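Colleague: Here the protein sequences come in this chain order: A and B.
Numbering of the first sequence is given in UniProt numbering, commencing with residue 1 and proceeding in unit increments.
Numbering of the second sequence is given in UniProt numbering, commencing with residue 1 and proceeding in unit increments.
For each residue, glycine too, the CB sits at the ideal point set by N, CA and C.
Remember, predicted model here, so these are calculated numbers, not experimental data.
Protein chains: 2
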Amino acid sequence: MGIFNLAVLSTTVDRLGTSDSKSVVSVNLFVALLCACIIVGHLLEENRWINESITALAIGICTGVVILLLSKGKSSHLLVFSEDLFFIYLLPPIIFNAGFQVKKKQFFRNFMTITLFGTVGTLISFSIISLGAIYIFNKLDVGTLKMGDFLAIGAIFSATDSVCTLQVLNQDQTPLLYSLVFGEGVVNDATSVVLFNAVQNVDLSNIDAAIIFQLIGNFIYLFLMSTLLGVVAGLLSAFIIKKLYFGRHSTDREIAIMILMAYLSYMLAELSDLSAILTVFFCGIVMSHYTWHNVTESSRVTTKHAFATLSFIAEIFIFLYVGMDALDIEKWRYISDSPGTSVAVSSILLGLILVGRAAFVFPLSFISNLAKKSSSDKIELKQQVTIWWAGLMRGAVSMALAYNQFSSVGITQLRGDAFMITSTITVVLFSTVVFGLLTKPLVLHLLPSPKHLSRMISSDLMTSKSFTVPLLNGQDSEADLDLVAPLRKSLNVPHLNGQDSEADLDLPSPGIPRPTSLRMLLTNSSHSVHHYWRKFDNSFMRPVFGGRGFVPFVPGSPIEQSFHNGSDNYPTSEQTLP
Amino acid sequence: MGIFNLAVLSTTVDRLGTSDSKSVVSVNLFVALLCACIIVGHLLEENRWINESITALAIGICTGVVILLLSKGKSSHLLVFSEDLFFIYLLPPIIFNAGFQVKKKQFFRNFMTITLFGTVGTLISFSIISLGAIYIFNKLDVGTLKMGDFLAIGAIFSATDSVCTLQVLNQDQTPLLYSLVFGEGVVNDATSVVLFNAVQNVDLSNIDAAIIFQLIGNFIYLFLMSTLLGVVAGLLSAFIIKKLYFGRHSTDREIAIMILMAYLSYMLAELSDLSAILTVFFCGIVMSHYTWHNVTESSRVTTKHAFATLSFIAEIFIFLYVGMDALDIEKWRYISDSPGTSVAVSSILLGLILVGRAAFVFPLSFISNLAKKSSSDKIELKQQVTIWWAGLMRGAVSMALAYNQFSSVGITQLRGDAFMITSTITVVLFSTVVFGLLTKPLVLHLLPSPKHLSRMISSDLMTSKSFTVPLLNGQDSEADLDLVAPLRKSLNVPHLNGQDSEADLDLPSPGIPRPTSLRMLLTNSSHSVHHYWRKFDNSFMRPVFGGRGFVPFVPGSPIEQSFHNGSDNYPTSEQTLP
Chain A
1 MGIFNLAVLS
11 TTVDRLGTSD
21 SKSVVSVNLF
31 VALLCACIIV
41 GHLLEENRWI
51 NESITALAIG
61 ICTGVVILLL
71 SKGKSSHLLV
81 FSEDLFFIYL
91 LPPIIFNAGF
101 QVKKKQFFRN
111 FMTITLFGTV
121 GTLISFSIIS
131 LGAIYIFNKL
141 DVGTLKMGDF
151 LAIGAIFSAT
161 DSVCTLQVLN
171 QDQTPLLYSL
181 VFGEGVVNDA
191 TSVVLFNAVQ
201 NVDLSNIDAA
211 IIFQLIGNFI
221 YLFLMSTLLG
231 VVAGLLSAFI
241 IKKLYFGRHS
251 TDREIAIMIL
261 MAYLSYMLAE
271 LSDLSAILTV
281 FFCGIVMSHY
291 TWHNVTESSR
301 VTTKHAFATL
311 SFIAEIFIFL
321 YVGMDALDIE
331 KWRYISDSPG
341 TSVAVSSILL
351 GLILVGRAAF
361 VFPLSFISNL
371 AKKSSSDKIE
381 LKQQVTIWWA
391 GLMRGAVSMA
401 LAYNQFSSVG
411 ITQLRGDAFM
421 ITSTITVVLF
431 STVVFGLLTK
441 PLVLHLLPSP
451 KHLSRMISSD
461 LMTSKSFTVP
471 LLNGQDSEAD
481 LDLVAPLRKS
491 LNVPHLNGQD
501 SEADLDLPSP
511 GIPRPTSLRM
521 LLTNSSHSVH
531 HYWRKFDNSF
541 MRPVFGGRGF
551 VPFVPGSPIE
561 QSFHNGSDNY
571 PTSEQTLP
Chain B
1 MGIFNLAVLS
11 TTVDRLGTSD
21 SKSVVSVNLF
31 VALLCACIIV
41 GHLLEENRWI
51 NESITALAIG
61 ICTGVVILLL
71 SKGKSSHLLV
81 FSEDLFFIYL
91 LPPIIFNAGF
101 QVKKKQFFRN
111 FMTITLFGTV
121 GTLISFSIIS
131 LGAIYIFNKL
141 DVGTLKMGDF
151 LAIGAIFSAT
161 DSVCTLQVLN
171 QDQTPLLYSL
181 VFGEGVVNDA
191 TSVVLFNAVQ
201 NVDLSNIDAA
211 IIFQLIGNFI
221 YLFLMSTLLG
231 VVAGLLSAFI
241 IKKLYFGRHS
251 TDREIAIMIL
261 MAYLSYMLAE
271 LSDLSAILTV
281 FFCGIVMSHY
291 TWHNVTESSR
301 VTTKHAFATL
311 SFIAEIFIFL
321 YVGMDALDIE
331 KWRYISDSPG
341 TSVAVSSILL
351 GLILVGRAAF
361 VFPLSFISNL
371 AKKSSSDKIE
381 LKQQVTIWWA
391 GLMRGAVSMA
401 LAYNQFSSVG
411 ITQLRGDAFM
421 ITSTITVVLF
431 STVVFGLLTK
441 PLVLHLLPSP
451 KHLSRMISSD
461 LMTSKSFTVP
471 LLNGQDSEAD
481 LDLVAPLRKS
491 LNVPHLNGQD
501 SEADLDLPSP
511 GIPRPTSLRM
521 LLTNSSHSVH
531 HYWRKFDNSF
541 MRPVFGGRGF
551 VPFVPGSPIE
561 QSFHNGSDNY
571 PTSEQTLP
């Protein structure tokens, strides 16, 4: 089928003005390649080295070679890289699904650490890469790059792509690590895009303290407003679906409203120059917390899987595209006279990425550990290495930002720009393929056997048990008990993981030193925030916006059982009992 | 929110070169309007007159007026009408979903009648409208129209849009009528597009017998090849999913493969200049018969609802767009000097549509009734009137074909072309709004009360019972019994509706005359085809491509129960027992 298309392609590529027929050929080829990626990815599922991203990249590169040969060296790709395509159609489902499927309990429990890694960490990485680039690139012959370009380089190469590592980690076996890597990945995406926009909007001709404060102010404003917009959109959808009770007439309307509202939040954020990624991420979280529980059972199953599938297809599409685009001859022509410099630039960038990431993962882990009271909540050294490694890959966001900064309408003109585009491609390809291939073995080596993992869990459980078993049915606020306790009973789930009850803080387990004042402060604030949030949620939010408490819930129904790993707020027995 | 966007819009519309920001505004506005349509549609669900299409049209027109005012009469729409958008993105999900959700048993039972109406009927309608247009328009001052234009007009106005009527009819209460209206709508869509393409591809300068034969040959070739491609794509997806057992690792891959293969079949048909509508329709039928039963339970729920939702959104999008586009000032300028002629042209076309449809519905119903043995299978006069009425609306397909024939890149240049575009808009708007508003009352008047409807069903059942109850477990071929009987037993469904057993033909019920030889011939051939098909399906197709027989089926599981109206091959107890 692919060959058939390519044969048609080689004849149609020459005809001008037939954009219609050419686009049909492109779409055909892309869809056929997507199918191929899925099938090959499935067949290689058990493989120790390969993952879906690498498969898609490899198939993309092979297709690029074939097209290059068929078009006699003219072009290697079918579509001009379009930021619109990426930012308007492919990224939203990926990020929305991330928010929708995230285990909210884990995410919010580690919220401080995740935010620390995702914002402060990204800022540190950004500074190191920018400063390193300024310092080193001026000594190399890479054409003219302005101050804004260097800062953009910092932002571009701070955007990590942790998909590879997430495919290897198991959400049930290493919940802490998974939520840290996952959460950091999302916040990092948002931070780097926000940083990139902030850098572009600020006048950089003369930097002084005022401008730096302006940058920081800009950053915080974007962060808060984007989050707010996402939360409002999510709550609005929950409110509409709850009030109008769509399920009465048609499940299609429920699903359509959820999809459209999520997309609308993303596009409104784009329109208002906010961080659409953050907006749609928080919209996803709110939708899975409220809206999802207001719809009919079949809508729940459908949205859960439909969003995951959309995200899955979009991810493969991106890697396939990056693979195809890597061989685009135009870009490589500019730097063909100095291949040594190109290799040097890419190597320096890779080095800066390694250093920049190490410079924040280990110190911030140390700070985060100070705030944790139980040893199971602390980030061990091996886990720190895994977190460091997980953020070394660079992916589609870096590509898209690089195209935005260094090319106009997909065409690269200046020498410096060409260098940066090709270096980005090299870094993305190298990190995805080489680091990606090493990820599975490395993670299995660092977190070796399922035995080790299960030991970690059971120790975790024993700790939390010794904390909470005596406290069952005791320390929760009344509002909590009224709404949650009967539900929990019907679910047959004991109230473990009850770190949010205040009494926790006064019961240090044997062998763990009493909290220091700094730790006390951080833990205390985080826990009381969570406590008040639950109170607020139960007494005000749920009556208005719906949620678990207001839907007839049949324990043991096949759908709920098979999807308990998803958006549950309460731990199920499998997760918490040995 | 809409107003906010429009305010931004009015400032951005003037800026040139900012296609990016303009497209973001357009997408925002469109998504917000889609949400509005869904909510308003939901609120008006119980209304006697309004349906979702009319809501979307009305909202589209209102938005068009606002944009027209804001842009000071420059333009009324945000996007230029793009055939690509329509034929590549909006139509495929609608038609695929039609095939996917069709009740195959009813569809294939009435296959002869549906094909008769959809192909022969459309050809009759096409001839009458073309000849009428040639005869009448030459007398009016409507600019120069060529022979090809007149034939195109015939094809354009033969494409019906039966969505309005289907929203009113109940698939469970009037299964025969529903399957006829629905099936004819799909086959008609395909026929008119195939006709349109055939007319465009044939040299029309001098018509003789050879060219007419060429047209017919072209038509049959397109029909058969398109069907074949769809069937092959569907079977391929079933085979891949069954062989590789995707569900083992991930439900996302199953769903993704189904979506992508369906879309690939559509795009391959487009590429090969076949009728993509027919292809994707039969792909949907095959997928629901084989592939759907090979995937996991949650994938089944997800695909069912996701496809329905996509189709739902696409339909609203089209009507919204047609509403917005109706006020486009450019087109009306050409005909503003002769409004009388414009009204005349539209009225004549509407008249031709009414006559052209009457000219085949009643005669073909008579022929079809000759072939039916039981009175319940015959199409009553009131039902004939309903079928006639259901096909009077014209919709998006007519619009898209008219744009294809009478404008280049969305701009209408010649006087004759402008007349035809505006007339198409007028006919589409008038028929959708006026006929659409009358549909609900008319159908309720013709098929008055649920009592009457339930009487029809029970009489239907009694007839088929008196035929088949004595034949239970007797007349089926051995292959049938081996595979189906235990399944049927486990389903607790007696073997009613067994018209495929040969003995049926020899048992006329009292009061119905013995079959005439013509009836005998038609009934016989149709029934033996079905019989041999089931034999072939059970002994060869199912072992290779999967299907109901090979998936562990839990009777009474909530998903199966709540979706029994969908793609079941076997009547469930609710449908067949009083």
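I'd like to know whether the C-beta of ILE67 (chain B) is nearer than 8 Å to at least one C-beta of chain A.
Modeller: No, no contact with chain A.
Colleague: Counting C-beta neighbours from all protein chains within 10 Å, is the total for ALA210 (chain B) 16 or more, i.e. buried, or is it exposed?
Modeller: exposed
Colleague: Considering only their Cβ atoms, is the gap separating PRO92 (chain B) from VAL280 (chain B) smaller than 8 Å?
Modeller: yes
Colleague: Out of curiosity, what's the CA-to-CA distance linking PHE419 (chain B) and SER342 (chain B)?
Modeller: Distance between the alpha carbons of PHE419 (chain B) and SER342 (chain B) is about 7 Å.
Colleague: Could you tell me whether any Cβ in chain B is nearer than 8 Å to the Cβ of MET112 (chain A)?
Modeller: no
Colleague: Helix, strand or coil for THR296 (chain B) per DSSP?
Modeller: Looking at THR296 (chain B) - three-state DSSP - the assignment turns out to be coil, as it is neither helix nor strand.
Colleague: Which residues does DSSP pair with THR291 (chain B) in a beta bridge?
Modeller: Looking at the DSSP assignment, THR291 (chain B) forms no beta bridge with any residue, so it has no partner.
Colleague: Whose Cβ in chain B lies nearer than 8 Å to the Cβ of TYR263 (chain A)?
Modeller: VAL31
Colleague: Does any C-beta atom of chain A lie closer than 8 Å to the C-beta of ASP252 (chain B)?
Modeller: yes
Colleague: Is there at least one Cβ from chain B nearer than 8 Å to SER299 (chain A)'s Cβ?
Modeller: Yes, contact with chain B.
Colleague: Around the C-beta of THR144 (chain B), are 16 or more other C-beta atoms found within 10 angstroms, so that it is buried, or is it exposed?
Modeller: exposed
Colleague: Closest Cβ-Cβ distance between ASN51 (chain B) and chain A: below 8 Å?
Modeller: Chain A, which has no Cβ nearer than 8 Å to the Cβ of ASN51 (chain B), makes this no.
Colleague: Please decide whether CYS35 (chain B) counts as near chain A, where near means a Cβ-Cβ distance under 8 Å.
Modeller: yes
Colleague: Hey, does VAL40 (chain B) have any beta-carbon neighbour from chain A nearer than 8 Å?
Modeller: no
Colleague: Express the C-alpha separation of VAL186 (chain A) and VAL40 (chain A) in angstroms, rounding to a whole number.
Modeller: Cα to Cα, VAL40 (chain A) sits roughly 27 Å from VAL186 (chain A).
Colleague: Flag this pair as touching only if the segment 292 to 312 of chain B and the segment 252 to 269 of chain A have three or more C-beta atom pairs under 8 Å; answer yes or no.
Modeller: Segments in contact, yes.
Colleague: Would you call GLU46 (chain A) buried or exposed, if buried means 16 or more other Cβ atoms sit within 10 Å of its Cβ?
Modeller: In summary, GLU46 (chain A) is exposed, with fewer than 16 beta-carbon neighbours lying within 10 Å of its beta-carbon over all protein chains present.
Colleague: Taking 6 Å as the limit between beta carbons, can you name the residues of its chain near PHE319 (chain B), skipping five residues before and five after?
Modeller: SER53, ALA56, LEU57
Colleague: Mind checking the segment 529 to 544 of chain A against chain B and listing, in chain order, the residues whose C-beta falls within less than 7 Å of any C-beta there?
Modeller: For the segment 529 to 544 of chain A, which is checked against every Cβ of chain B, not one residue is closer than 7 Å.
Colleague: For the alpha helix (DSSP H) containing SER130 (chain B), list its first residue and its last residue.
Modeller: It spans 122 to 137 - the alpha helix (DSSP H) in which SER130 (chain B) sits, taken as one unbroken run.
Colleague: Compare the C-alpha of LEU195 (chain B) against each of B:VAL181, B:THR119, B:TYR321, B:PHE362 and name the closest.
Modeller: B:THR119
Colleague: Taking 7 Å as the limit between beta carbons, can you name the residues of its chain near THR291 (chain A), skipping five residues before and five after?
Modeller: GLY234, SER237, ALA238, ILE241, MET258
Colleague: Scan the segment 195 to 282 of chain A and note each continuous alpha helix (DSSP H) run of 4 residues or more that stays entirely inside, going in chain order.
Modeller: 209 to 244, 251 to 271
Colleague: Can you grab the Cα-Cα spacing for the pair LYS165 (chain B) / VAL232 (chain A), in whole Å?
Modeller: A small fix is needed here, since residue 165 (chain B) is Thr in this sequence, not Lys. Between THR165 (chain B) and VAL232 (chain A), the C-alpha separation is close to 38 Å.
Colleague: My parser needs the alpha helix (DSSP H) runs of 4 or more residues fully inside the segment 313 to 396 of chain B; what are they?
Modeller: 329 to 334, 339 to 370, 381 to 390
Colleague: Note down, in chain order, each residue of its chain lying with its Cβ closer than 7 Å to the Cβ of ASN366 (chain B), except the 5 sequence neighbours on either side.
Modeller: Asn is not the amino acid found at residue 366 (chain B); the sequence shown has Phe there. Correct list: empty, nothing qualifies.
Colleague: I'd like to know whether the C-beta of HIS305 (chain B) is nearer than 8 Å to at least one C-beta of chain A.
Modeller: yes
Colleague: Looking at C-alpha atoms only, which residue of B:THR122, B:VAL142, B:ALA155 is the closest neighbour of ASP417 (chain B)?
Modeller: B:VAL142
Colleague: Just checking: is the beta-carbon of residue 591 (chain B) within a distance shorter than 8 Å of some beta-carbon in chain A?
Modeller: Because residue 591 (chain B) is not part of the residues shown, which for chain B are 1 to 578, the question remains open.
Colleague: Contact defined as beta carbons within less than 8 Å: I believe GLY395 (chain A) pairs with THR432 (chain A). What is the distance between those atoms, to the nearest angstrom?
Modeller: 7 Å
Colleague: Which of the three DSSP states is assigned to THR144 (chain B) in this structure?
Modeller: coil
Colleague: Terminal residues of the continuous alpha helix (DSSP H) containing VAL102 (chain B)?
Modeller: Neither: VAL102 (chain B) is in no alpha helix (DSSP H) and is coded neither H nor E.
Colleague: To the nearest angstrom, report how far apart GLY217 (chain B) and LEU224 (chain B) are at their CA atoms.
Modeller: 11 Å
Colleague: Taking a cut of 7 Å between CB atoms, which residues from the segment 305 to 330 of chain B lie near chain A?
Modeller: HIS305, ALA306, ALA308, THR309, PHE312, ILE313
Colleague: Which of the three DSSP states is assigned to THR160 (chain A) in this structure?
Modeller: strand
Colleague: Which bits of chain A does VAL27 (chain B) rub up against, with CB to CB less than 8 Å?
Modeller: ILE88, MET267
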